[in-house]
Amino acid sequence: MEQLLANPYVPPLILTAVIILVFPLIAGYIVLAERKVLADLQVRLGPMRVGPYGVLQPLADALKLMLKEDVIPSQSDKWIFWLAPVLSTFTALSAFAVLPLSDRFFVADVNIGILFILAMSSIGALGLILGGWSANSKYSLMGSLRAAAQMVSYEVPLGFATVTAIMCAGTLSMQGVIASQLERGVWGAFDNYGLMLIPTVLFIIAGTAETNRAPFDLPEAESELVAGFHTEYSGFRWALFFLAEYAAIVVISSLCVTLFFGGWLRPFPNVAALEMPLNTAFPAALFALIALGCSKGVFRQALVGFRLVMAALTGLFLLVAAAFALPAANELMIGLFWFGFKLAVMVYMFIWYRGTFPRFRYDQLMDVGWKWLIPISMFGLILNGVVQLFARG
Amino acid sequence: MSLDSVLFYVLAALVLGSAIMTITRRNVVHAAVWLISALVGVAGLFLSRGAEFLAGVQVIVYIGGIMVLFLFVIMLVPVHDESTQRRFSNQKWPAMLAAVALFLWVAFIAVNGVGMLDHPGMAEPLGPGSLSENSEAVGLVLFSQYLLPFELASILLLVAIIGAIVMSKTRNPETES
Numbered sequence: 001m002e003q004l005l006a007n008p009y010v011p012p013l014i015l016t017a018v019i020i021l022v023f024p025l026i027a028g029y030i031v032l033a034e035r036k037v038l039a040d041l042q043v044r045l046g047p048m049r050v051g052p053y054g055v056l057q058p059l060a061d062a063l064k065l066m067l068k069e070d071v072i073p074s075q076s077d078k079w080i081f082w083l084a085p086v087l088s089t090f091t092a093l094s095a096f097a098v099l100p101l102s103d104r105f106f107v108a109d110v111n112i113g114i115l116f117i118l119a120m121s122s123i124g125a126l127g128l129i130l131g132g133w134s135a136n137s138k139y140s141l142m143g144s145l146r147a148a149a150q151m152v153s154y155e156v157p158l159g160f161a162t163v164t165a166i167m168c169a170g171t172l173s174m175q176g177v178i179a180s181q182l183e184r185g186v187w188g189a190f191d192n193y194g195l196m197l198i199p200t201v202l203f204i205i206a207g208t209a210e211t212n213r214a215p216f217d218l219p220e221a222e223s224e225l226v227a228g229f230h231t232e233y234s235g236f237r238w239a240l241f242f243l244a245e246y247a248a249i250v251v252i253s254s255l256c257v258t259l260f261f262g263g264w265l266r267p268f269p270n271v272a273a274l275e276m277p278l279n280t281a282f283p284a285a286l287f288a289l290i291a292l293g294c295s296k297g298v299f300r301q302a303l304v305g306f307r308l309v310m311a312a313l314t315g316l317f318l319l320v321a322a323a324f325a326l327p328a329a330n331e332l333m334i335g336l337f338w339f340g341f342k343l344a345v346m347v348y349m350f351i352w353y354r355g356t357f358p359r360f361r362y363d364q365l366m367d368v369g370w371k372w373l374i375p376i377s378m379f380g381l382i383l384n385g386v387v388q389l390f391a392r393g
Numbered sequence: 394m395s396l397d398s399v400l401f402y403v404l405a406a407l408v409l410g411s412a413i414m415t416i417t418r419r420n421v422v423h424a425a426v427w428l429i430s431a432l433v434g435v436a437g438l439f440l441s442r443g444a445e446f447l448a449g450v451q452v453i454v455y456i457g458g459i460m461v462l463f464l465f466v467i468m469l470v471p472v473h474d475e476s477t478q479r480r481f482s483n484q485k486w487p488a489m490l491a492a493v494a495l496f497l498w499v500a501f502i503a504v505n506g507v508g509m510l511d512h513p514g515m516a517e518p519l520g521p522g523s524l525s526e527n528s529e530a531v532g533l534v535l536f537s538q539y540l541l542p543f544e545l546a547s548i549l550l551l552v553a554i555i556g557a558i559v560m561s562k563t564r565n566p567e568t569e570s
């Protein structure tokens with residue numbers, strides 16, 4: 001076993017398999033979180049039927065999607081209709097290969113990690129475009145056209161914001177970016193006397209547009225285009241598009257966390273006094289609180305199944321809380337915890353935008369992209385470059 | 394045969410096969426998809442030569458930018474029209490000439506060995522040991538030794554952009570006086 005793990009190819013392969021197997025489940029629960037948070041924002045309850053408070057809804061949804069009839073429109077271009085969802089999902093999952101999940105959990109630390117993620121996301125965009133075209137429906141085609149124009153426009157400010165962050169960190173490797181933030185003792189977002197906040201904000205806006213999320217979800221604007229580029233898709237193919245969308249959100253959020261918010265580092269990584277409260281007490285208390293919340297559900301209802309599921313969840317979260325109290329387990333998981341925590345905050349913000357902002361009109365979208373984001377991102381790049389040149393000598 | 398050369402032949406076959414498919418497809422969107430496949434193959438070739446930065450930029454610029462724009466335009470063309478049109482334009486003979494000239498040029502280099510391209514002051518080729526400085530090396534060479542060609546290329550692109558704006562702008566005789 002030890003020998004097997006020492007082989008340089010084995011741990012990355014195991015991690016790859018774990019990511020591919022677990023991510024659909026995570027995506028399912030992000031969808032549930034999205035439905036619950038949106039429901040809360042709109043003073044509704046959201047899914048409540050499958051499992052206590054709807055916690056088993058993702059499993060039911062997955063089963064439904066897999067059992068649905070696979071409909072291919074007769075007038076469609078079948079070859080491309082087949083290719084498009086595959087392309088989207090494949091590239092979105094490939095990008096996970098360079099994500100630094102923690103100091104010890106990552107598939108590969110390549111010296112073009114950031115370029116690789118951008119490259120994969122730009123190939124993934126082709127899935128949307130080709131998928132909408134191949135269905136041979138006017139709604140899909142309109143969705144694809146919008147997707148194409150939006151991708152090309154928002155890739156520019158996204159690229160400029162990324163370049164600014166890379167310039168600040170001095171490397172293209174994802175682990176290298178985190179190491180440089182540790183070395184400089186400040187998160188990327190607040191570096192250069194706070195001037196890095198410009199690319200940070202631009203990255204989040206352009207990243208939202210790049211993943212086609214509200215308020216930039218014009219390619220699938222349901223009020224005008226039925227469902228946009230995936231109008232004609234159903235069942236498992238549609239599920240693949242969905243998976244790709246959520247994978248893209250996680251990848252863009254991870255990139256943002258890595259570039260601007262210190263990746264798997266805890267907040268204030270250079271202040272030794274905060275080691276215990278932030279690395280042990282905080283995660284243990286967080287999971288203990290969640291367990292406490294779940295334990296209330298055990299006594300609230302008479303249904304046996306309801307109580308069993310809630311009791312199981314309580315036990316699970318207590319176990320995680322206890323694990324964080326153990327030094328050995330803590331050391332293994334703490335990087336993963338902070339990365340996951342920051343990622344969860346970013347994903348929550350994505351959901352929050354969707355519940356808050358009305359969708360842009362198409363011409364407003366282009367105006368914001370070309371007349372505001374691109375000039376500001378160029379300005380931010382030059383400003384940060386000049387400050388860095390003089391401040392760092 | 395080493396793994397490196399196996400990889401090279403696989404990628405070369407992918408690039409050439411996709412390129413042939415690109416020019417023989419009747420459906421323009423299929424042709425575009427094959428072209429994307431060829432471009433991915435070229436990125437793979439860069440990667441296998443240790444030019445990781447170029448591979449990344451190849452995908453981002455050619456596939457993420459240029460091919461997306463290609464598809465944007467192609468999708469606006471009705472699919473069933475293009476099969477009735479002549480697929481080769483009047484520039485058949487100039488194109489043939491250019492292809493033959495390029496082939497002779499590449500063959501000439503292949504016969505004489507790559508060493509004939511060396512010239513004094515040429516940038517040092519990157520060995521396998523210098524992978525980590527890949528992007529730095531490209532940047533340094535681009536902004537010092539090859540600054541003039543780099544700037545000329547940017548001016549050429551700028552001229553093309555302005556030209557496109559001038560050509561696409563509709564002239565309104567009433568406002569123009």
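Protein chains in written order, with the working numbering: chain A, 1 to 393; chain B, 394 to 570. Every residue, glycine too, gets a C-beta built ideally from N, C-alpha and C.
Selection from the options that minimises the alpha carbon distance to residue i
i                 : options                                    : result
Leu-337 (chain A) : A:Phe-324, A:Met-349, A:Ala-328, A:Ile-72  : Checking the displayed sequence, the identity of residue 337 (chain A) turns out to be Phe instead of Leu. The residue with the shortest Cα to Cα distance from Phe-337 (chain A) is A:Phe-324.
Ile-376 (chain A) : A:Phe-216, A:Val-110, A:Ala-206            : A:Ala-206
Thr-258 (chain A) : A:Cys-294, A:Ala-165, A:Glu-275, A:Asn-212 : A:Ala-165
Gly-51 (chain A)  : A:Leu-343, A:Trp-370, A:Phe-306, A:Phe-341 : A:Phe-306
Leu-381 (chain A) : A:Gly-28, A:Ile-26, A:Leu-195, A:Leu-56    : A:Leu-195
Leu-313 (chain A) : A:Ile-334, A:Ala-328, A:Leu-289, A:Val-43  : A:Leu-289
Ser-140 (chain A) : B:Met-560, B:Asp-397, B:Leu-469, B:Gln-484 : B:Leu-469
Leu-145 (chain A) : A:Cys-168, A:Asp-70, A:Leu-225, A:Met-167  : A:Leu-225
Gly-297 (chain A) : A:Pro-12, A:Lys-36, A:Tyr-53               : A:Tyr-53
Val-31 (chain A)  : A:Ala-291, A:Ser-254, A:Ala-239            : A:Ala-239
Val-183 (chain A) : A:Thr-89, A:Arg-300, A:Ile-123, A:Ala-169  : The sequence given here places Glu at residue 183 (chain A); Val does not occur at that position. Considering only alpha carbons, the answer is A:Ala-169.
Leu-15 (chain A)  : A:Gly-235, A:Trp-352, A:Ala-108, A:Asn-212 : A:Ala-108
Nearest-angstrom beta carbon gap, residue j and residue i [assumed within contact, 8 Å]
i                 : j                 : result
Leu-128 (chain A) : Leu-83 (chain A)  : Their Cβ separation, rounded to whole angstroms, is 12 Å, which puts Leu-128 (chain A) and Leu-83 (chain A) out of contact at 8 Å.
Met-85 (chain A)  : Arg-237 (chain A) : The identity of residue 85 (chain A) in the sequence shown is Pro, whereas the question assumes Met. With a Cβ gap of about 5 Å, Pro-85 (chain A) and Arg-237 (chain A) count as contacting.
Gly-113 (chain A) : Leu-172 (chain A) : 6 Å
Val-435 (chain B) : Val-408 (chain B) : 6 Å
Ala-119 (chain A) : Val-452 (chain B) : 4 Å
Ile-178 (chain A) : Trp-264 (chain A) : 7 Å
Val-320 (chain A) : Phe-287 (chain A) : 5 Å
As assigned by DSSP and simplified to three states, the class of residue i
i                 : result
Asp-70 (chain A)  : coil
Ile-382 (chain A) : helix
Arg-359 (chain A) : coil
Asp-367 (chain A) : helix
Pro-521 (chain B) : Any reading at Pro-521 (chain B) needs caution, since the residue's pLDDT is 49, under 50, leaving its predicted position unreliable; the model's value is listed next. In this structure, Pro-521 (chain B) counts as helix in the three-state DSSP scheme.
Ala-147 (chain A) : helix
Leu-545 (chain B) : helix
Arg-44 (chain A)  : coil
Pro-375 (chain A) : helix
Phe-341 (chain A) : helix
Unbroken alpha helix (DSSP H) run spanning residue i, endpoints
i                 : result
Tyr-246 (chain A) : 235-260
Gly-28 (chain A)  : 10-41
Trp-82 (chain A)  : 78-94
Tyr-53 (chain A)  : Looking at the DSSP string, Tyr-53 (chain A) is not in any alpha helix (DSSP H), and its letter there is neither H nor E.
Val-403 (chain B) : 396-417
Tyr-572 (chain B) : Outside the displayed range of chain B (394 to 570) lies residue 572 (chain B), so it cannot be described from this structure.
Val-504 (chain B) : 485-505
Leu-319 (chain A) : 304-325
Gly-176 (chain A) : 174-184
Ala-288 (chain A) : 282-300
Ser-121 (chain A) : 113-134
Phe-463 (chain B) : 461-467
Pro-199 (chain A) : 197-210
Ala-436 (chain B) : 421-441
Leu-447 (chain B) : 445-451
Gln-3 (chain A)   : 2-6
7 Å Cβ cut-off: residues of chain C touching residue i
i                 : result
Phe-116 (chain A) : Here the protein chains are A and B, and chain C is not one of them.
* To do: Check each residue of the region 92-106 of chain A: if its Cβ is closer than 7 Å to any Cβ of chain B, include it; give the result in chain order.
  => none
>> Against chain B, which members of the region 134-148 of chain A pass a CB distance test of less than 7 Å?
In response: Leu-141, Ser-144, Leu-145, Ala-148
Review point. Of all the residues that make up the region 207-223 of chain A, which are near chain B by a beta-carbon distance shorter than 8 Å?
Key: Per Cβ criterion, the list is empty.
For the region 119-135 of chain A, which residues have a beta carbon sitting closer than 9 Å to at least one beta carbon of chain B?
Ala-119, Met-120, Ser-121, Ser-122, Ile-123, Ala-125, Leu-126, Ile-129, Leu-130, Gly-132, Trp-133, Ser-134
Within 7 Å of chain B by C-beta, residues of the region 146-171 of chain A in sequence order:
Ala-148, Ala-149, Met-151, Val-152, Glu-155
For the region 450-462 of chain B, list every residue whose C-beta sits within 8 Å of some C-beta in chain A, in sequence order. Val-450, Val-452, Ile-453, Ile-456, Gly-457, Gly-458, Met-460, Val-461, Leu-462
Query raised in the report: Residues in the region 65-83 of chain A with C-beta within 8 Å of chain B's C-beta atoms, listed in sequence order?
Result: Asp-77, Trp-79, Ile-80, Leu-83
Query raised in the report: Mind listing which residues of the region 408-432 of chain B have their C-beta closer than 8 Å to chain A's C-betas, in chain order?
Result: Asn-420, Val-422, His-423, Val-426, Ile-429
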